[in-house]
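Just below is one structure, and these are the notes that go with it.
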Amino acid sequence: MTEKKTTKKTEEIFSGAQRLINSAVNVLEEEIAAGILAAKKIEKKVIDVDDIRSDPNDLLNRIRRDTHEAVDLFLDAFTAISKQVNNLAAFKSNNSTSEEKPTTPQASTNKGAIVLDADNPVKPGEKVSFCFSLLEDTEETTNLTFRKTNLIGLNNHTIFSRALKITPDKVELKPNEAQEIMVDLTVPKNAEADQYNAFISTEGPNAIKVVLNVEVIK
Amino acid sequence: MSDSLMKSMLAEYGAATLKGINQYIPDKEPRKYLYDLVADYPNRGGKGFRPGLCIAACKAYGGKQSEAMDSAITLELLHNAFLVHDDVEDESFIRRGQPTLHEANNKAIAINVGDAMQVLSLYPLYKNREILGDRVATQVYLEVQHMILESVEGQAMELGWRRDNVCDLKEADYLRMILKKTCWYTCMHPLRIGAIIGTRGQVDPSKFDRLGYFMGTSFQVQDDILNLVAEEDVYGKEICGDIIEGKRTLMLIHLLENCKPSEFKDVKTFLANPIKERCIEEARSILGLMHHYDSIEKAKETAQYLAGGALKEFYTLFSKCHDTEDKALIENIILYMINRDY
Numbered sequence: 000m001t002e003k004k005t006t007k008k009t010e011e012i013f014s015g016a017q018r019l020i021n022s023a024v025n026v027l028e029e030e031i032a033a034g035i036l037a038a039k040k041i042e043k044k045v046i047d048v049d050d051i052r053s054d055p056n057d058l059l060n061r062i063r064r065d066t067h068e069a070v071d072l073f074l075d076a077f078t079a080i081s082k083q084v085n086n087l088a089a090f091k092s093n094n095s096t097s098e099e100k101p102t103t104p105q106a107s108t109n110k111g112a113i114v115l116d117a118d119n120p121v122k123p124g125e126k127v128s129f130c131f132s133l134l135e136d137t138e139e140t141t142n143l144t145f146r147k148t149n150l151i152g153l154n155n156h157t158i159f160s161r162a163l164k165i166t167p168d169k170v171e172l173k174p175n176e177a178q179e180i181m182v183d184l185t186v187p188k189n190a191e192a193d194q195y196n197a198f199i200s201t202e203g204p205n206a207i208k209v210v211l212n213v214e215v216i217k
Numbered sequence: 000m001s002d003s004l005m006k007s008m009l010a011e012y013g014a015a016t017l018k019g020i021n022q023y024i025p026d027k028e029p030r031k032y033l034y035d036l037v038a039d040y041p042n043r044g045g046k047g048f049r050p051g052l053c054i055a056a057c058k059a060y061g062g063k064q065s066e067a068m069d070s071a072i073t074l075e076l077l078h079n080a081f082l083v084h085d086d087v088e089d090e091s092f093i094r095r096g097q098p099t100l101h102e103a104n105n106k107a108i109a110i111n112v113g114d115a116m117q118v119l120s121l122y123p124l125y126k127n128r129e130i131l132g133d134r135v136a137t138q139v140y141l142e143v144q145h146m147i148l149e150s151v152e153g154q155a156m157e158l159g160w161r162r163d164n165v166c167d168l169k170e171a172d173y174l175r176m177i178l179k180k181t182c183w184y185t186c187m188h189p190l191r192i193g194a195i196i197g198t199r200g201q202v203d204p205s206k207f208d209r210l211g212y213f214m215g216t217s218f219q220v221q222d223d224i225l226n227l228v229a230e231e232d233v234y235g236k237e238i239c240g241d242i243i244e245g246k247r248t249l250m251l252i253h254l255l256e257n258c259k260p261s262e263f264k265d266v267k268t269f270l271a272n273p274i275k276e277r278c279i280e281e282a283r284s285i286l287g288l289m290h291h292y293d294s295i296e297k298a299k300e301t302a303q304y305l306a307g308g309a310l311k312e313f314y315t316l317f318s319k320c321h322d323t324e325d326k327a328l329i330e331n332i333i334l335y336m337i338n339r340d341y
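Those sequence lines, one after another, are chains C and L.
Numbering of the first sequence is given in numbering that gives the first Met the number 0, commencing with residue 0 and proceeding in unit increments.
Numbering of the second sequence is given in numbering that gives the first Met the number 0, commencing with residue 0 and proceeding in unit increments.
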């Protein structure tokens, strides 16, 4: 009897801790998504994106060419702004004899986030789909399980994560194998008008980070 | 590693940082109204948490203490600048066992001193170029920029809640506010910056986010608990000060979620009064309600869970690092949080 009680207590503690950690991780990821979008907006305002993207040597530009054309690549929130400037600095270095020339591993380990914008605003009850491709470019097989956050609006409205469907939600990528991932958002009928974003990510050292950005109108 | 060794390492890194801070304070007038006061809070002796984490992460990832010093100085100067301004914004009376800067002088002088500390924190970042090179120094600079922005956003959230007397907050609101107000600058960026320096920019700093977030939140919740249950002369701030200031702590949020409607109304009325009209007896009565509804026990549990989450992240992230005193320091800070008995 005592053993049962102890087991039950342990399970309660584990369950409580798990719930709290999940809640905290969701908050963190929602904030990361918001940060990425804010950085993206600043980048649009203050940086000549066409000029930057015209550099054929830049790793990020190579990634851009290799990914689905609907995929627009921007930089991770906190590396965020840092990476923007680092890359600007890198362009300068590449054109000079600076000893600070960045190396490819540096750029590739600071994984950027992918921002997927919906082409058009959507209304409550409508469905919108996003798509991105993954390519395993190492010699190892990678298993990925996707996490998703709620969609948070700029005006603090929320669409719960159950409105998002990721297909497939688990992926096993063998060396040199590519896989297309679909993300379907069914906007709830009671959703408020707002500019929403959600964060989709995987666990592990080379985490995939995707920010969805969609405007809901009435 | 024992608690005393952990504290002595933090003290050692804190002392080196303080020495650096003092070197960056101009030796010129106006001393009485500015530069002497800039040195006031740092010299009162804090925990040395931020420089400690930054230096330890740098060394654990293969760097040297000297390479992280200027960044540690910036972090500690900014932390103290935040404290000066926070004390004005919170109308606090005591900081580290002494009157707050604005109480000992006045609000205008305190705000200006805080401004000066923020400006002085820029030069060590500039100096970083000499030892780290342009690329890594720029990365550190932008880490700091992000850190400050998040911190002021978090402070804005809490100040806004207090101004509007928001009383329907949930645990997730607290987690978001504390992520922004405390975690980025207390743990996440110090760890990230240290690792960036240690690896010369070869690490993905975002992998330290969960560790820093769990650590920072656990630390803040425990600090908030101490504000309610510790001895004033040991804690260094006024006991129940957070209740009087109307800080939206996890305990207050839990209480407001769980108390009877009549009690909710009383607490909300108390919080609607100007700070100077809130008396200690009322604050003690609210503290009694927090005990009655297990709000403090619940917060202790939360802090422990988060510290447990931090420990798991730590073992994942640092398993490939060599076993060093600095790696053990970070581990022990987390273990200290888990085992804390108040």
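Here a beta-carbon is modelled for each residue, glycine too, at the ideal position from N, C-alpha and C.
Just verifying my parser: in three-state terms, what is the DSSP assignment at residue i?
i      : result
L:C186 : helix
C:E98  : Any answer about C:E98 is weak, because its pLDDT of 32 lies below 50 and its placement is not dependable; what the coordinates show is given next. Coil.
L:Q201 : coil
L:R162 : helix
L:E11  : helix
L:F257 : First, the residue type needs correcting, since residue 257 of chain L is Asn and not Phe in the sequence shown. Looking at L:N257 - three-state DSSP - the assignment turns out to be helix.
L:P98  : strand
L:S1   : coil
L:T16  : helix
C:K122 : coil
C:E10  : helix
C:E171 : strand
C:L27  : helix
Can residue i and residue j be called in contact, C-beta distance under 9 Å?
i      : j      : result
L:A115 : L:L124 : no
C:E131 : C:S200 : Note on residue identity: the sequence assigns Phe, not Glu, to residue 131 of chain C. Cβ distance not < 9 Å, so C:F131 and C:S200 don't count as in contact.
C:V121 : C:V127 : yes
C:E135 : C:A177 : yes
L:V139 : L:I192 : yes
L:L255 : L:V266 : yes
C:V209 : C:L150 : no
L:A59  : L:A194 : yes
L:I274 : L:V220 : no
C:E171 : C:L211 : no
L:I20  : L:L76  : yes
C:V215 : C:D193 : yes
C:A197 : C:P123 : no
I'd like the span of the beta strand (DSSP E) that includes residue i, first residue to last.
i      : result
C:Q194 : 193–201
C:L143 : 141–147
C:E214 : 208–215
C:I151 : 150–152
Within 10 angstroms of the Cβ of residue i, are there 16 or more other Cβ atoms? Answer buried if so, exposed if not.
i      : result
L:C278 : exposed
L:K169 : exposed
L:S217 : buried
C:R161 : exposed
C:K40  : exposed
L:F313 : buried
C:F159 : exposed
C:A79  : In this predicted model, C:A79 has a pLDDT of only 38, less than 50, meaning its place in the structure is not dependable; the value taken from the coordinates is given anyway. Buried, by the Cβ-count rule.
L:K326 : buried
C:L153 : exposed
C:T166 : exposed
Could you pull the start and end residues of the alpha helix (DSSP H) that residue i belongs to?
i      : result
C:L115 : No alpha helix (DSSP H) holds C:L115; the beta strand (DSSP E) holding it covers 113–116.
L:T315 : 294–317
L:T268 : 260–271
C:T185 : Premise fails: C:T185 lies in the beta strand (DSSP E), 177–185, not in any alpha helix (DSSP H).
C:N189 : C:N189 -> no alpha helix (DSSP H), and no H or E assigned at all.
L:K106 : 106–119
L:K58  : 48–59
L:I238 : L:I238 -> no alpha helix (DSSP H), and no H or E assigned at all.
L:L174 : 170–177
Given the structure, does residue i come close to the ligand ATP, in the sense that its CB is under 8 Å from one of the ligand's heavy atoms?
i     : result
L:G61 : Among the components modelled here there is no ligand, and therefore nothing to report on the ligand ATP.
Handout entry: Contact between the region 209–220 of chain L and the region 180–200 of chain L (3+ Cβ pairs under 8 Å)
Key = yes
Handout entry: Meets three-Cβ-pair contact criterion under 8 Å: the region 78–96 of chain L and the region 4–18 of chain L
Key = no
Handout entry: Residues in the region 190–221 of chain L having any Cβ partner in chain D nearer than 8 Å
Key = The question asks about chain D, but that chain is absent: this structure's protein chains are C and L.
Practice task
Decide if the region 2–21 of chain C is in contact with the region 294–311 of chain L; the criterion is three or more beta carbon pairs, one per stretch, under 8 Å apart.
Solution key: yes
Problem - Any 3 or more C-beta pairs closer than 8 Å across the region 40–52 of chain L and the region 11–19 of chain L - result: yes
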